[in-house]
Amino acid sequence: MLSIVLALCCGRYPLSPHRVVMVLGRLLHLWGGQDPVADAVVQQVRLPRVVAGILVGSALSCGGATYQAVLRNPLVSPDLLGVLSGSAFGAALMIVLGASPAWIQIGAFAGGVVAVGSGISISRLLPQGGLLTLLMGGLVANAVFTALLSLVKYTADPMDQLPAVVNWLLGTLSQTGWKELSWLTVPVLVLVAVLVLLAPLLDVLSLGDDEARSLGVPIQIMRPFVILLATLACAMTISMAGIIGWVGLLVPHISRMLAGAEHRRMMPVCALLGAAGVLLADTVSRSLTSGEVPLGIMTELFGALAFILVLRRLRGDAT
Amino acid sequence: MSGDFLSCQGITLKRSPRSVVLNDVSLKFRRGELIGLLGLNGAGKSTLLRILMGLLKPTSGEVYLEGTLLSSLRPLDVARHLAYVPQAHAMTFPYTVRRMVELGRIPHHGVAGRLGAEDRLRVDQAMDRLGLLALAERPVTELSGGEKQRVVLARALAQEAVGLLLDEPMSGLDYGHQLRLMSLLAELAAEGHLVLLTSHRPEEFFSAGHRALILEEAQIVADGPPELIVTAERMSRLYGVSLAQIDHAGKRFFHREESE
């Protein structure tokens, strides 16, 4: 709640909490009155960013926690199976082709899903199966889509297309308005809710393959299914805001420190903390300077520093 | 196959045409049996357990659970009948000991189901039998290897399966816990469980076990009561070390022969 209030109040045009409450009341038709500037700032600029920040933060952090559990590695982020590189390639391709913002979003979403799908398909071609081959498939897909992204950047017009690609890759919530939110809000919320509801399954999937299967869980079906859900959630957020790093890696760690490792308790905390974290980072990114520092840079910067603190704490707990 | 709880018929597993791990293995197991499976490293003991659990598909042959083809059963149905303790276990995340043991109740209430009073009782009983109640709220990542092994064993007990397939369950346990576990397994067999374990310590189940199997060169070469199978002569041949045996108070001990 505090991060929502801060996000609505802070910015280049500061608003008092009272003015924000009055705007929200008018929006909900609770009372009348007029404050055209505050109405415009809150309703058209900050509120869509708040909604987008909540969606991006909760989806990335729950997606990251899911990847970590399913891949049995607390140090993985959603990028491991190629969702970020695939989305980046899809969006960059659309920018170079001169597509509209809506098609750039579709390209980013499709790129992420195709990259992870390719990784899983490649892993099925490899002998033995299991977690290691899945990681190897993801590695191959990641490398291929990173190379394709470089190819698109190399062929992009350096005067206008390349800066547009670079800007998109840096990640920002400034391009997200009510129009984009109208078709992304429900699917992202549903995916986050499903991931939170599937939390007990994550406990089992984080065991060894044989252990999970001996408990009656068909891991060969459930693991790709859960990865698909997490991938869809992450790809949707990337299509909305570009590449927002560290959230999917860092927030699950902090959530485990606060709520314990059991996913039933940790996943709701993860969703809330991810949303609050992205909102705060976005508020800082647009309040810090007269311009706007891309959100992706803020999360990379603060994420890396915070991760050092988390690792220190984890090391302290272990000794 | 009537009367057999678990059986396999003509199990063959080939990694390649030249590499045969198991060759035409047929076995029958009944409730109440405590069986030790002996063999050299890489003989195929763990592979055989995984096939009996339905975790690995053999090149040919079938496994039957109470006369029904194992591969035709739903995974949860298999898990209600057979519990498995693997040699190595992944404990990446710091779940509490209690949570790890609670996972053993999944075959009974499903993955998403809430634990009932009956489930909690079984979990407490399983932890109690393995001496884990004092560690219940400790993160498993902070436990020693032997304590982790006891957690996985407790989870298998919480599963309440009739068949317990244990791959080197004594590994990592201190001497006291090895003895306690062997007594517990004998108790479980007496209660009607089928307990099949692999081990590199033949003395362990000489006194408590009902049956010993030797897996050698991809086949079961000996199957019978421990007093006839676990002998110095056979163990010397199996392990390539000259051994002498001492029988004392119903137990058998082995030592290397002086002349060697």
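Protein sequences appear in the order of chains L and F. Here our numbering = 1-based position in the first sequence + 10. The second sequence: position 97 = 91 (our numbering), numbered continuously. We treat Cβ as the ideally placed atom computed from N, Cα and C, and that holds for glycine. Since the model is a prediction, treat every value here as computed from it, not as a measurement.
Would you identify the three-state DSSP class for F247 of chain F, choosing helix, strand or coil? Secondary structure at F247 of chain F: strand, using DSSP grouped into helix, strand and coil.
C-alpha distance - R275 of chain L paired with H204 of chain F, whole-angstrom precision: Cα to Cα, the separation comes out at about 45 Å.
Using the beta-carbon of each residue, which ones in chain L are nearer than 9 Å to P11 of chain F? Near P11 of chain F there are no residues of chain L at all, since even the closest Cβ is about 15 Å away, more than 9 Å.
Pull up the DSSP beta-bridge partners for R205 of chain F, would you. For R205 of chain F, which the question treats as bridged, DSSP gives the partners F:I29.
If I'm right that L179 of chain L touches I253 of chain L with Cβ under 8 Å, what's the distance once you round it to whole angstroms? About 5 Å separates the two Cβ atoms, so the contact holds.
Tell whether a beta-carbon distance below 8 Å holds between L147 of chain F and H187 of chain F. Cβ atoms of L147 of chain F and H187 of chain F: not closer than 8 Å.
Cβ of L276 of chain F within 8 Å of Cβ of L28 of chain F? A question about residue 276 of chain F goes unanswered here, because the residues of chain F that appear run from -5 up to 254.
Beta bridge counterpart(s) of A76 of chain F as assigned by DSSP: Just to set this straight, residue 76 of chain F is Leu in the shown sequence, not Ala. In DSSP, L76 of chain F forms a bridge with F:G157.
Determine which residues share a DSSP beta bridge with E210 of chain F and list them. Its beta-bridge partners are F:Q213.
F(-1) of chain F in three-state terms, based on DSSP: Taken through DSSP and simplified to helix, strand or coil, F(-1) of chain F comes out as coil.
What residue from F:G98, F:I240, F:G36, F:K22 has the CA that sits closest to E154 of chain F's CA? Selected option, being the one with the closest Cα: F:G98.
Bridge partner(s) assigned by DSSP for H242 of chain F: In the DSSP output, where bridge partners are listed per residue, H242 of chain F has F:K245.
Neighbourhood of S(-4) of chain F by C-beta distance below 7 Å, restricted to the same chain and skipping five residues each side: At S(-4) of chain F, the pLDDT of 49 sits below 50, so the modelled position is not reliable; the number obtained from the coordinates is stated separately. Same-chain partners within the cutoff: G61.
What number of angstroms, rounded off, separates the C-alpha of D219 of chain L from the C-alpha of A82 of chain F? A straight-line Cα-Cα distance of about 11 Å links D219 of chain L and A82 of chain F.
Could you tell me the alpha carbon to alpha carbon distance between R12 of chain F and L207 of chain F, rounded to whole angstroms? Each residue's Cα considered, the two are about 25 Å apart.
Any 3 or more C-beta pairs closer than 8 Å across the segment 62 to 77 of chain L and the segment 132 to 147 of chain L: They do not touch, by the three-pair rule.
Sorted by chain position, which residues of the same chain lie with C-beta nearer than 7 Å to V79 of chain F's C-beta, five sequence neighbours on each side aside? Cβ neighbours of V79 of chain F beyond the five flanking positions: V146, L147, A150, L160, D161, P163.
The alpha helix (DSSP H) that contains K39 of chain F, what's its start and end? Segment 39 to 47, the alpha helix (DSSP H) holding K39 of chain F.
Skipping 5 residues on each side, what residues in its chain have a beta carbon closer than 6 Å to that of G3 of chain L? Chain L is shown only over 11 to 329; residue 3 of chain L falls outside these bounds and no answer can be derived.
Beta carbon of P210 of chain L, beta carbon of H273 of chain L: below 8 Å? Cβ atoms of P210 of chain L and H273 of chain L: closer than 8 Å.
Drop a sphere of 10 angstroms on the beta-carbon of A111 of chain F, count the other beta-carbons inside from all chains shown, and report buried for 16 or more, exposed for fewer. The residue is exposed, with fewer than 16 neighbouring Cβ atoms inside 10 Å.
Boundaries (first-last residue) of the beta strand (DSSP E) holding N17 of chain F: Element bounds for N17 of chain F: 14 to 23.
With the cut-off set at 8 Å, would you say L269 of chain F and M229 of chain F are in Cβ contact? Residue 269 of chain F is absent from the model: chain F starts at -5 and stops at 254.
Report the neighbours of L268 of chain L on chain F: residues whose CB is nearer than 9 Å to its CB, in chain order. Result: empty, since nearest Cβ-Cβ is about 13 Å, beyond 9 Å.
Kindly indicate if chain F contains any beta-carbon less than 8 Å away from that of A362 of chain L. Limits of chain L in this structure are 11 at one end and 329 at the other, which puts residue 362 of chain L out of reach.
7 Å Cβ cut-off: residues of chain F touching L330 of chain L: Lying before the first or after the last residue shown, residue 330 of chain L is absent from chain L, which here runs from 11 to 329.
Can you name the residues of chain L whose CB is closer than 9 Å to the CB of L64 of chain F? Here the premise fails: no neighbours, minimum Cβ distance about 13 Å.
Under 8 Å Cβ-Cβ, which residues of chain L neighbour P69 of chain F? Among the residues of chain L, those whose CB is under 8 Å from the CB of P69 of chain F are R223, G226, V227, P228, following chain order.
Where does S97 of chain L land, buried or exposed, given buried means 16+ other C-beta within 10 angstroms? S97 of chain L should be labelled buried.
Just grab the DSSP bridge partners of L315 of chain L for me. Answer is none; L315 of chain L lacks a bridge partner.
Taking the alpha carbon of R296 of chain L as the reference point, which residue from L:A62, L:R223, L:S184 has its own alpha carbon closest? Residue L:S184 is the option with its Cα nearest to R296 of chain L.
How far does the beta strand (DSSP E) with T192 of chain F in it reach, from first residue to last? From DSSP, the beta strand (DSSP E) with T192 of chain F extends over 188 to 192.
Which of helix, strand or coil does DSSP assign to T186 of chain L? If DSSP states are grouped into helix, strand and coil, T186 of chain L belongs with coil.
How would you write the range of the beta strand (DSSP E) that Y58 of chain F sits in, first residue to last? Its beta strand (DSSP E) spans residues 54 to 59.
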